[in-house]
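So the protein lines, in turn, are chains A and B.
Counting in the numbering used here, the first sequence tops out at residue 1359, every number present.
Counting in the numbering used here, the second sequence tops out at residue 1359, every number present.
Idealized CB from N, CA, C, for every residue including glycine.
A quick note: this is a predicted structure, and the numbers were derived from the prediction, not measured.
See below for the structure under consideration.
Number of protein chains: 2
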Amino acid sequence: MLEQFKAYLQNKVAITDEQFELISGKLKIKTFEKNEMILMKGEVSAHGYFVMSGLLRSYSIDSKGKTHIIQFAPEQWWLSDRNGMLFNEASDFFIDAIERTEAVVIPKDYINDAAKIVPCMHDFNHTILNNSIRFMQKRINMLLSATAEERYLNFIKLYPNLTLRVPQWMIASYLGITPESLSRVRKDLAHKHFKI
Amino acid sequence: MLEQFKAYLQNKVAITDEQFELISGKLKIKTFEKNEMILMKGEVSAHGYFVMSGLLRSYSIDSKGKTHIIQFAPEQWWLSDRNGMLFNEASDFFIDAIERTEAVVIPKDYINDAAKIVPCMHDFNHTILNNSIRFMQKRINMLLSATAEERYLNFIKLYPNLTLRVPQWMIASYLGITPESLSRVRKDLAHKHFKI
DNA sequence: ATGCTTTCTTAACATACATCAATGTAGCGC
DNA sequence: GCGCTACATTGATGTATGTTAAGAAAGCAT
């Protein structure tokens, strides 16, 4: 059942099947229905999620009621609220399921506890945190410098399978443009004979 | 000499003076002159920096030659290239000194080595990495949703002392707008009797 | 299949911000 | 202090993207 998560871990750090047995006891798998709300802004979250199948998202809603997608979490991705996980603070963002999703639930102190038994879990944590930072830096750079078309092309490269799975207005929301603009960008690309 | 760094560490995690002595041996302090280049895009970096005095920045340069500031690092902030530090990959960004800067040089493997002697250095690392992620998520949200004026007001709140220290065009570059636009935003705010 | 809802497209129009260019001002080395 | 360079302001103009509104298409439940 947790095979996928084990494979992911073993791909990142040297952890044996036996070690995985030792630390996987507390882990649970939770299923979220399509459109199910997982975390509201203002709530304090005590869990992170590792997506095995399906798709989660975190997002904000601004003063005009517009939604802004901070992150997509498809298969093999993490999603958690950093405010709650480490600092017991209220979440800045909402989390919900775009598709029916199976996710491994990672309790707040899980990594630290697991690292007491299997030290390389620290390395694992460093790796994913650093990867997350790298990823976000690139996104910030994109938001600072790229046009709507460039952002969209970059998105397609980055999330090739999401492009087909999520509604366009969500992609637009992730890119920081309106759905109408994205529609125009796609039309232009089609005229240029661009193909996914 | 490393007093400031020690105070910072002790503020984040429970680490005694004796423990600090054990792990601070390898640390060096380096001084960068104003405008000194520290890391070029494409280079592989093996060090992170903790700024004791002065101001560093990381930035990109786009295809039109425009500069985009990814991060400012004033006193008590960290700056490092995540590509090099953890993955031995080429940096996506440039790093240089905006002011004459004294920084603690943190070698690539320092945290892991130090944690072997003082385990809570892992917690320390988790804390700063998570803080960095929180910070960047808020910035992404800002870039997705806020107008030029909102971004500037937010910047002032976040970096009150930088507002006076760095040239306006750099602030504009951090906010993702042109210096001309920032100048107009400031003019409008002045008309509304806004005061820092 | 039918109808209802959500999503996507398109067009006309609006606007925030960028660009270009000129002038003013402040910082800094000599 | 002089002069050079970097920085900031302002105005005229341009443009990418937003807004509004309508209709078309696609998805989904009954």
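- The straight-line gap separating the alpha-carbon atoms of Asn1198/B and Thr1326/B is approximately 18 Å.
- Comparing C-alpha distances from Ile1274/B to each of Gly1205/B, Gly1339/B and Ser1187/B shows the shortest one belongs to Ser1187/B.
- The alpha-carbon of Ser1336/B is positioned some 19 Å away from that of Leu1352/B.
- Taking 7 Å as the Cβ-Cβ cut-off, the region 1291-1319 of chain A approaches chain B at Leu1292, Asn1293, Ser1295, Ile1296, Arg1297, Met1299, Gln1300, Lys1301, Arg1302, Ile1303, Asn1304, Leu1306, Leu1307 and Ser1308, given in chain order.
- Contact annotation: Glu1265/A and Ile1192/A have beta-carbon atoms nearer than 9 Å.
- Within chain B, no residue has its CB atom less than 8 Å from the CB of Leu1202/A, the nearest being about 14 Å off.
- Here DSSP, grouped into helix, strand and coil, assigns Tyr1222/A to strand.
- DSSP places Ser1243/B within a strand segment (E or B) once states are collapsed to three.
- Residues of chain B whose Cβ lies closer than 8 Å to the Cβ of Leu1218/A do not exist, since the nearest Cβ in that chain is about 19 Å away.
- Annotation: Ser1216/B to Ser1346/A spans about 48 Å, alpha carbon to alpha carbon.
- Taking 9 Å as the cut-off, the beta carbon of Arg1297/A is found closer than this to the beta carbon of Asp1255/B.
- By the Cβ rule, the region 1303-1315 of chain B does not count as touching the region 1270-1289 of chain B, because fewer than three pairs are nearer than 8 Å.
- By alpha-carbon distance to Pro1323/B, the top candidate from Asp1259/B, Val1348/B and Glu1238/B is Glu1238/B.
- Using a Cβ-Cβ cut-off of 7 Å, Ile1233/A is close to Gln1300, Ile1303 and Asn1304 of chain B, given in chain order.
- For Phe1250/B, the closest alpha carbon among the candidates Gln1182/B, His1210/B, Ile1334/B and Asp1259/B is that of His1210/B.
- Not a single C-beta of chain A is nearer than 9 Å to the C-beta of Asp1259/B.
- Scanning Met1248/B, Phe1257/B and Ser1344/B for the CA closest to the CA of Leu1219/B turns up Phe1257/B.
- Between Leu1190/A and Val1267/A a beta carbon distance of about 6 Å is seen, short of the 8 Å cut, so the two are scored as contacting.
- Between Phe1183/B and Asn1294/B, the alpha-carbon positions lie close to 22 Å from each other.
- Around His1210/A, no beta-carbon contact reaches into chain B at under 7 Å, the shortest distance being about 15 Å.
- In the DSSP assignment, Lys1301/B falls within the unbroken alpha helix (DSSP H) covering Cys1283 to Ser1308.
- For a Cβ distance threshold of 8 Å, residue set Ser1308 of chain A lies close to Lys1229/B, ordered along the chain.
- Its chain contains Tyr1222, Ile1224 and Ser1336 as the residues whose beta carbon lies nearer than 6 Å to that of Thr1230/B, once the 5 sequence neighbours on both sides are disregarded; these appear in chain order.
- About 11 Å separates the beta carbon of Ala1309/A from that of Ile1340/A, a gap too long to meet the 8 Å contact definition.
- Counting of Cβ neighbours within 10 angstroms places Ile1280/B among the exposed residues, the total staying below 16.
- Among the CB atoms of chain B, none fall inside 9 Å of the CB of Ala1236/A.
- Assignment of Met1333/B by DSSP, reduced to helix, strand and coil, places it in the helix class.
- Counted as a single uninterrupted DSSP element, the stretch harbouring Glu1343/A is not any beta strand (DSSP E) but the alpha helix (DSSP H) occupying residues Pro1342 to His1354.
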